[in-house]
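Protein chains: 2
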Amino acid sequence: MADDAQAPDAPAPTPRHLAGDDVGIVHARDFTHPGTFAFKSGQAIEGFTLRYETYGVLNATRDNAVLICHALSGDHHCAGWHSESDGKPGWWNNLIGPGKAVDTRRFFVVCANVLGGCQGSTGPSSADPATGRAYGTHFPFVTIRDMVNAQKLLLDHLGVSELHAVMGGSMGGMTAMLFAIEYPQFTRRQIIMASTANESAQAIAFNEVGRQAIMQDPAWNNGDYPRDGGPRVGLAIARMMAHITYLSDAGMDRKFGRRKRETAGGEAYTFDAQFEVESYLRHQGQSFINRFDANSYLYITRAIDQFDPARACGSLEQAFAPIRAESLVVGFTSDWLFPPEQNRAIALALLRAGKRASYAELSTDLGHDSFLLESPDLYTLISGFLERSETYVFDFAI
Amino acid sequence: MADDAQAPDAPAPTPRHLAGDDVGIVHARDFTHPGTFAFKSGQAIEGFTLRYETYGVLNATRDNAVLICHALSGDHHCAGWHSESDGKPGWWNNLIGPGKAVDTRRFFVVCANVLGGCQGSTGPSSADPATGRAYGTHFPFVTIRDMVNAQKLLLDHLGVSELHAVMGGSMGGMTAMLFAIEYPQFTRRQIIMASTANESAQAIAFNEVGRQAIMQDPAWNNGDYPRDGGPRVGLAIARMMAHITYLSDAGMDRKFGRRKRETAGGEAYTFDAQFEVESYLRHQGQSFINRFDANSYLYITRAIDQFDPARACGSLEQAFAPIRAESLVVGFTSDWLFPPEQNRAIALALLRAGKRASYAELSTDLGHDSFLLESPDLYTLISGFLERSETYVFDFAI
Chain A
233 MADDAQAPDA PAPTPRHLAG DDVGIVHARD FTHPGTFAFK SGQAIEGFTL RYETYGVLNA
293 TRDNAVLICH ALSGDHHCAG WHSESDGKPG WWNNLIGPGK AVDTRRFFVV CANVLGGCQG
353 STGPSSADPA TGRAYGTHFP FVTIRDMVNA QKLLLDHLGV SELHAVMGGS MGGMTAMLFA
413 IEYPQFTRRQ IIMASTANES AQAIAFNEVG RQAIMQDPAW NNGDYPRDGG PRVGLAIARM
473 MAHITYLSDA GMDRKFGRRK RETAGGEAYT FDAQFEVESY LRHQGQSFIN RFDANSYLYI
533 TRAIDQFDPA RACGSLEQAF APIRAESLVV GFTSDWLFPP EQNRAIALAL LRAGKRASYA
593 ELSTDLGHDS FLLESPDLYT LISGFLERSE TYVFDFAI
Chain B
233 MADDAQAPDA PAPTPRHLAG DDVGIVHARD FTHPGTFAFK SGQAIEGFTL RYETYGVLNA
293 TRDNAVLICH ALSGDHHCAG WHSESDGKPG WWNNLIGPGK AVDTRRFFVV CANVLGGCQG
353 STGPSSADPA TGRAYGTHFP FVTIRDMVNA QKLLLDHLGV SELHAVMGGS MGGMTAMLFA
413 IEYPQFTRRQ IIMASTANES AQAIAFNEVG RQAIMQDPAW NNGDYPRDGG PRVGLAIARM
473 MAHITYLSDA GMDRKFGRRK RETAGGEAYT FDAQFEVESY LRHQGQSFIN RFDANSYLYI
533 TRAIDQFDPA RACGSLEQAF APIRAESLVV GFTSDWLFPP EQNRAIALAL LRAGKRASYA
593 ELSTDLGHDS FLLESPDLYT LISGFLERSE TYVFDFAI
């Protein structure tokens with residue numbers, strides 16, 4: 233997803249950390265699981281840490297938790313502000329807060345950086361206790377199931393008895409889906425947005441080009457690089473390219489069109505950034521390398537590529553058989569990375585498997601990043617689903 | 233366009249250089265313009281060479297020439313075979329030959345590698361007479377108009393009095409369009425396929441990521457690199473990414489889906505090429521760096537980005553005002569790089585400008601590369617247009 237949670241052309245957010253309508257100043261915490269953690273790959277590590285945030289209060293019956301699952305480049309900081317001088321809030325701050333669609337007066341909201349990530353959770357950039365150096369590519373291969381299992385341990389630690397809901401967009405939707413499959417007794421509702429039950433060849437192809445940009449950068453050095461170094465060129469290229477896939481042709485035309493940079497004035501003939509879209513992308517690439525680890529990018533994109541619950545079970549319907557959660561699936565018309573058809577297919581498979589499921593398709597030109605959309609329609613849809621006991625609306629187009 | 237002129241999943245071509253249905257063994261020639269050549273940018277070079285091929289015979293009235301314009305990564309070798317042991321024919325061999333849609337029994341077909349290219353024509357990898365070393369980024373900025381003007385000098389040299397037609401796909405369509413604008417008395421027909429009157433922000437963005445992959449590769453060295461070296465990593469990444477934009481989601485799913493490589497057998501957890509689409513793309517990247525110059529890639533993509541005849545004239549209709557050619561514009565349903573709407577817009581602007589123009593839209597899942605399609609419908613359309621004296625069919629959908 234984009235660097236910030238705002239719709240691409242929304243005005244810069246006004247700090248509202250003192251206002252009553254968001255969760256205010258928040259602090260991340262670390263959960264450390266002390267025991268051996270076995271990955272789906274058969275590999276294991278001794279202990280891991282997940283960095284997470286919570287908003288709201290766990291109720292007495294410990295069943296009002298909503299687990300937020302982030303996308304590829306997201307993190308645990310999905311609402312509120314880290315300090316009064318913070319430039320921007322958590323990435324889903326528009327959705328989560330007191331009185332918002334995910335109402336923190338009612339729900340205990342939990343969000344953790346995924347296992348394999350690089351924002352405080354254990355991943356390839358963490359120190360391997362056996363060597364004291366970063367794991368690099370010695371880190372076990374991570375799957376979405378491993379991410380789910382690690383987050384379940386966190387929820388157990390927090391005393392959550394069952395999830396009111398699990399929700400996420402893009403990879404977060406895959407995580408939610410697998411939570412509902414792996415922990416059916418624990419998961420009452422799932423919201424899957426801008427996601428897929430398995431990537432198309434095109435989506436795998438884009439991830440592969442990103443990985444090649446990283447791995448062919450000599451500074452990658454087989455994954456063994458210093459924390460402040462590494463394949464920054466390759467990672468920036470990967471990000472620039474991926475960023476295009478998060479937007480849409482129409483959205484980019486509306487936002488940038490063929491406008492040229494003012495500073496490019498007379499420089500009609502140059503390889504410098506001449507069009508606005510060029511300097512925007514360069515900025516996206518440069519800001520990403522300051523916050524993301526290249527090995528985590530390899531591991532997490534691979535986990536996304538490999539996600540395919542139907543494959544192991546013969547069909548998506550069979551993969552969904554254990555699910556007890558009620559489901560809301562949301563597709564966005566302009567999302568060409570995980571297009572509406574792929575989201576609708578999830579809802580249809582849930583229905584064919586005899587589950588309660590709704591599908592909504594929202595018209596937008598923001599592309600894949602539309603799940604971050606500031607949209608009253610989306611808020612109504614989500615709050616309605618979270619607060620109703622049952623939903624049967626199907627193919628509800630807004 | 234793709235490395236070969238075949239539809240992506242067509243069977244490997246059987247060498248047919250001795251069969252009567254193609255132009256057989258052909259030889260490229262060089263045209264050297266001796267004088268000063270002034271670029272649109274205001275820069276100039278002393279003399280240039282275009283490498284070209286011709287098929288068929290120029291008639292007595294010297295008005296049966298068809299100029300073929302190639303795309304970004306194409307070249308002058310668009311039909312026939314260079315030797316009996318050649319593995320594949322020219323990139324548009326399916327279209328050009330005796331009795332084919334572009335009938336070499338009737339037409340004198342000319343195709344030249346563009347100015348700024350790297351397949352024998354003068355470009356950044358050519359030696360600068362002033363220094364004896366490759367021009368690199370000291371080569372003047374090239375525009376589509378410069379390419380057109382250079383090809384006009386070649387046609388003059390060949391004794392062509394007027395073009396029966398100019399035609400091309402993608403950048404070749406831009407070249408054809410500008411030929412019809414710049415040399416209206418000289419151009420009787422134009423065929424524009426899978427092209428655009430100006431790129432969208434998304435298309436510029438993809439080109440920019442490719443350029444950044446090249447320019448951020450340390451081996452680029454500001455464009456000063458040895459012929460057998462240079463930014464091979466960056467160029468391969470640029471090509472891999474661009475290649476995705478030449479195909480379509482549906483076409484890639486049909487061709488590759490989520491199939492894994494047989495050799496990837498038990499290697500479920502690897503960053504090696506695991507999915508077939510990954511090894512296909514890696515192959516595309518590697519084969520490209522052996523035949524293409526990175527600086528030419530920069531120059532030609534920039535020329536494509538800057539192409540915008542409407543901008544200089546106020547509107548596309550005004551830009552088209554000088555045109556006397558009859559036009560056929562062809563869009564392809566699965567082309568998301570230069571989608572059907574952008575092709576239809578060209579035809580509409582021609583009609584609004586009072587020109588004779590037809591538009592056809594072909595259903596295919598081959599994406600942007602569809603103009604290389606082996607399709608009897610396409611052949612009928614093109615041969616009909618080339619052989620009729622007038623055409624008025626509009627929005628003729630196949």
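Here the protein sequences line up with chains A and B, keeping their order.
So my numbering is basically just the index in the first sequence, starting at one, shifted up by 232.
So my numbering is basically just the index in the second sequence, starting at one, shifted up by 232.
Cβ atoms here follow ideal geometry from the backbone N, Cα and C, with glycine treated the same way.
Exercise for review: Please go through the stretch 301-371 of chain B and give each complete alpha helix (DSSP H) segment of 4 or more residues, from N-terminal end onward.
Suggested key: none
**Study point:** residue 403/A versus residue 409/A: straight-line alpha-carbon distance, rounded
**Key:** 10 Å
Review point. Roughly how many angstroms separate the alpha carbons of residue 317/B and residue 527/A, rounded to a whole number?
Key: 45 Å
**Study point:** Rounded separation between residue 374/B and residue 450/B - CA only
**Key:** 24 Å
Check your understanding: Comparing the C-beta of residue 273/B with each C-beta of chain A, is any distance below 7 Å?
Key -> yes
Practice item. Give the residues from the stretch 535-557 of chain A that approach chain B closer than 9 Å (Cβ to any Cβ), ordered along the chain. Key: 537, 538, 540 and 543
Point to revise | Closer than 7 Å to chain A by CB, residue 434/B | key: yes
**Study point:** Proximal residues of chain A, C-beta to C-beta of residue 445/B below 7 Å
**Key:** Within chain A, the residues near residue 445/B are 445 and 469.
Check your understanding: Between which two residues does the beta strand (DSSP E) harbouring residue 283/A extend?
Key -> 276-287
**Study point:** Three CB pairs or more closer than 8 Å across the stretch 323-341 of chain B and the stretch 601-610 of chain B
**Key:** Using a C-beta cut-off of 8 Å, the stretch 323-341 of chain B makes contact with the stretch 601-610 of chain B, since at least three inter-stretch Cβ pairs fall below that distance.
Practice item. Quick one: list the residues of chain A neighbouring residue 481/B, beta-carbon separation under 7 Å, in chain order. Key: 432 and 434
Review point. Counting only beta-carbon atoms, is residue 329/B nearer than 7 Å to chain A?
Key: no
**Study point:** Segment contact flag, the stretch 390-399 of chain B with the stretch 297-317 of chain B, C-beta cutoff 8 Å, min 3 pairs
**Key:** yes
**Study point:** Residue interval of the beta strand (DSSP E) (run including residue 422/A)
**Key:** 421-425
Practice item. For residue 403/A, return the contacting residues in chain B, with the cut-off set at a CB-CB distance below 9 Å. Key: Going along chain B, no residue has its Cβ under 9 Å from residue 403/A, so there is no contact; the nearest lies around 17 Å.
Check your understanding: Does the beta-carbon distance from residue 585/A to residue 553/A come in below 7 Å?
Key -> yes
Review point. Which residues in the same chain as residue 480/A place their Cβ atom closer than 6 Å to its Cβ, once the five residues preceding and following it in sequence are excluded?
Key: 566, 597 and 599
Practice item. Excluding the 5 residues preceding and the 5 following residue 422/B in the sequence, name in chain order all residues of the same chain whose CB lies nearer than 6 Å to its CB. Key: 398, 408, 412, 557 and 559
Exercise for review: Give the interface partners of residue 473/B over in chain A, defined as CB-CB distance under 7 Å, in chain order.
Suggested key: 441 and 473
Check your understanding: Skipping 5 residues on each side, what residues in its chain have a beta carbon closer than 8 Å to that of residue 258/B?
Key -> 285, 287, 309, 311, 312, 313, 314 and 322
Check your understanding: With distances taken between CB atoms, is the gap from residue 339/B to residue 289/B smaller than 7 Å?
Key -> Contact: no.
Point to revise | Within-7 Å CB hit, residue 518/B to chain A | key: No, no contact with chain A.
**Study point:** Under 8 Å from the C-beta of residue 476/A: neighbouring residues of chain B
**Key:** Near residue 476/A (Cβ distances below 8 Å), the residues of chain B are 434, 437, 438 and 441.
Exercise for review: Use the C-beta contact count for residue 381/B: other C-beta atoms within 10 angstroms, 16 or more gives buried, fewer gives exposed.
Suggested key: buried
Exercise for review: With a 10 Å radius around its C-beta and 16 neighbouring C-beta atoms as the bar for buried, classify residue 305/A as buried or exposed.
Suggested key: buried
Practice item. Please work out which residues of its chain come closer than 7 Å, Cβ to Cβ, to residue 251/B, disregarding the five sequence neighbours upstream and downstream, and give them in chain order. Key: Caution is warranted here: a pLDDT of 45 is assigned to residue 251/B, below 50, making its placement in the model unreliable, and no coordinate value can be reported.
**Study point:** Close Cβ partners of residue 473/B (< 7 Å) along its chain, the five nearest in sequence each way excluded
**Key:** 438, 441 and 442
Practice item. May I ask you to list the residues that DSSP assigns as paired with residue 532/A? Key: DSSP lists no partner for residue 532/A.
Check your understanding: At what residues does the beta strand (DSSP E) containing residue 407/A begin and finish?
Key -> Taken as a continuous stretch (DSSP letters only), residue 407/A belongs to no beta strand (DSSP E), being part of the alpha helix (DSSP H) at 403-414.
Check your understanding: Would a check of beta-carbon distances place residue 501/A closer than 7 Å to chain B?
Key -> Among the residues facing chain B, residue 501/A is included, as its CB has a counterpart in that chain under 7 Å away.
Practice item. For my contact list, residue 342/B and residue 390/B are in at a C-beta cut-off of 8 Å; report their separation, rounded to the angstrom. Key: 7 Å
**Study point:** Integer Cβ distance of residue 618/A from residue 334/A, believed to fall under 8 Å
**Key:** 7 Å
Review point. Would you say residue 355/A faces chain B, with C-beta separation under 7 Å as the test?
Key: At a cut-off of 7 Å between C-beta atoms, residue 355/A does not count as an interface residue with respect to chain B.
Exercise for review: May I have a chain-ordered list of the alpha helix (DSSP H) segments no shorter than 4 residues that lie completely inside the stretch 466-521 of chain B?
Suggested key: Fully enclosed alpha helix (DSSP H) runs of 4 or longer: 481-487 and 508-521.
Point to revise | Entirely enclosed beta strand (DSSP E) segments - the stretch 526-590 of chain A, minimum 3 residues | key: List check, beta strand (DSSP E) in window: 558-564.
Review point. Is the stretch 455-473 of chain B in contact with the stretch 509-525 of chain B, if contact means three or more CB pairs nearer than 8 Å?
Key: yes
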